[in-house]
Amino acid sequence: MLIDHIAVISAQAIPADKKLRQMIRGYLSALAENADLTAVLLFEHRSLDKKTHTRHVPQRDKFEALWRDVLNEGIRTKTFELKDTALSVRALMGVMNWTLTWYQPNGEKSIEQIADDYSDFMLKGMLK
């Protein structure tokens with residue numbers, strides 16, 4: 012399960028920036044490998060029946076907490092400087108999740124290259 016894979020990465024005793032890179036790569040790879048199922052969960056979850064939707068929300072919250080924990084770890088170790096970790100996680104999730112709408116397996120970049128580009132963008136930003 013995806014959440015278990017990300018939890019294993021987040022539990023590693025490595026610096027937060029390296030952990031975040033691995034989590035981004037692992038998440039995007041899983042999205043690409045399971046594109047149809049993931050698209051339903053990400054984009055159609057509000058259309059699910061109430062029982063299924065209710066079951067999905069705690070999993071989503073647990074998943075987002077893994078990402079917040081890594082960002083908070085980076086703040087504690089002075090690796091990251093963020094004002095709002097919850098917003099940062101939502102922004103990162105939005106960027107990664109939207110990849111499903113345009114990513115082509117035979118396209119210009121592999122999913123790993125895209126993950127590395129997203130990692131650079133999130134970790135380095137755009138300022139020179």
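With this note's numbering, letter number 33 in the sequence shown gets 44, and the count goes up by one each step, no holes. Every residue gets a Cβ at the ideal spot worked out from N, C-alpha and C, and that includes glycine.
Straight-line CA distance for residue i to residue j?
{"i": "Ser99", "j": "Leu93", "result": "8 Å"}
{"i": "Val19", "j": "Lys61", "result": "30 Å"}
{"i": "Gly118", "j": "Asp72", "result": "32 Å"}
{"i": "Asn45", "j": "Glu123", "result": "15 Å"}
{"i": "Gly105", "j": "Leu134", "result": "16 Å"}
{"i": "Ile125", "j": "Gly136", "result": "15 Å"}
{"i": "Leu138", "j": "Phe74", "result": "29 Å"}
{"i": "Gln70", "j": "Leu59", "result": "15 Å"}
{"i": "His64", "j": "Trp78", "result": "21 Å"}
{"i": "Tyr114", "j": "Lys120", "result": "9 Å"}
I'd like to check one pair, residue j with residue i: are the Cβ atoms closer than 8 Å?
{"i": "Thr96", "j": "Asn83", "result": "yes"}
{"i": "Ile17", "j": "Ser130", "result": "no"}
{"i": "Val68", "j": "Lys30", "result": "no"}
Tell me whether residue i counts as near the ligand ZN, meaning its Cβ is closer than 7 Å to at least one heavy atom of that ligand.
{"i": "Ile25", "result": "Absence of the ligand ZN from the depicted structure is noted, as is the absence of any ligand whatsoever, leaving it without description."}
By DSSP, does residue i sit in helix, in strand, or in coil?
{"i": "Phe132", "result": "helix"}
{"i": "Pro116", "result": "coil"}
{"i": "Ala76", "result": "helix"}
{"i": "Ile25", "result": "coil"}
{"i": "Thr65", "result": "helix"}
{"i": "Asp15", "result": "helix"}
{"i": "Met34", "result": "helix"}
{"i": "Glu92", "result": "coil"}
For residue i, which option in the options has the closest C-alpha, if you only look at C-alpha atoms?
{"i": "Leu111", "options": "Leu77, Arg66, Leu42, Tyr38", "result": "Leu42"}
{"i": "Asp128", "options": "Asp15, Leu39, Ala22, Leu13", "result": "Leu39"}
{"i": "Ala102", "options": "Leu59, Gln70, Phe132, Thr65", "result": "Phe132"}
Could you pull out every residue in the same chain whose Cβ sits closer than 8 Å to the Cβ of residue i, ignoring the five residues on either side in sequence?
{"i": "Ala27", "result": "Val81, Leu82, Glu84, Gly85, Thr88, Thr90, Phe91"}
{"i": "Ala76", "result": "none"}
{"i": "Ala24", "result": "none"}
{"i": "Pro140", "result": "There is no way to answer for residue 140, as the model of the chain reaches only from 12 to 139."}
Who are the Cβ neighbours of residue i in its own chain at under 7 Å, not counting the five residues just before and after it?
{"i": "Gln33", "result": "Ile20"}
{"i": "Gly37", "result": "His16, Ile17, Ile20"}
{"i": "Ile14", "result": "Gln70, Lys73, Phe74"}
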